[in-house]
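In the working numbering, the protein residues as written are 3 to 181.
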């Protein structure tokens, strides 16, 4: 509850109170361990609250450490969310691209193993973006590579109203076109 409230407060731009609520959530989790909720609290705290007050890189370690916790507790949905945020944060925090590519590849294997297909698609878009940045191409803004092929998905997603996935594609294409 405290982590959700902290996320809400942060979304309303009350970052100080949001951060306080997030810290209360972590303290409650530590005082009354409930493994089945741990990955959820960590995801909310380090994906939606902490980045407003601290550097992105300050969230990365906690997110990565929570992946096995989520798997052990059987919460594959929130483990997928954590993997999504972790993968994007290491990219946006400016880590070496070769390391980002390796980390995202490992994360994709976890998502495949636990059949988190929706989150996997988002991560594969970022993975292809990283691969495009690492490899020279005549059309680096095209997400048509070994991991993700935009032409196989974009029209289907538009027909099915999955606009958020198309937004992720187009935001990554925009980044690639200006880099």
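Think of the CB as a built atom: it goes at the ideal place given N, C-alpha and C, for glycine as much as any other residue.
Could you tell me the distance, in whole angstroms, from the CA atom of residue 164 to the CA atom of residue 111?
24 Å
From 75, 70, 122, 49, residue whose alpha carbon lies closest to that of residue 92
49
Could you say which of 30, 83, 9 lies nearest to residue 51 if we only look at CA atoms?
9
Is residue 1 near residue 89, with beta carbons less than 8 Å apart?
Examination of residue 1 is not possible in this model, given that the chain is present from 3 through 181 alone.
Just how far apart, CA to CA, sit residue 58 and residue 94?
8 Å
Over the uninterrupted alpha helix (DSSP H) stretch that includes residue 49, give me the two end residues.
Taken as a continuous stretch (DSSP letters only), residue 49 belongs to no alpha helix (DSSP H), as it is neither H nor E.
Residue 61 to residue 156, Cα distance in whole Å?
31 Å
How long is the line joining the alpha carbons of residue 118 and residue 78, rounded to whole angstroms?
7 Å
Go through the region 34 to 100 residue by residue and report every complete run of the alpha helix (DSSP H) that reaches 4 residues or more, in order.
37 to 46, 52 to 55, 59 to 75, 78 to 94
Short check: CB of residue 106 to CB of residue 174, under 8 Å?
no
Could you check how far apart the C-beta atoms of residue 28 and residue 19 are, in whole angstroms? I think they sit under 8 Å.
Their Cβ separation, rounded to whole angstroms, is 15 Å, which puts residue 28 and residue 19 out of contact at 8 Å.
If you count every other CB in all the chains shown that lies within 10 Å of the CB of residue 130, and 16 or more means buried, which is it?
buried
With residue 14 as the anchor, note down where its alpha helix (DSSP H) starts and where it stops.
Run containing residue 14: none; DSSP gives neither H nor E here.
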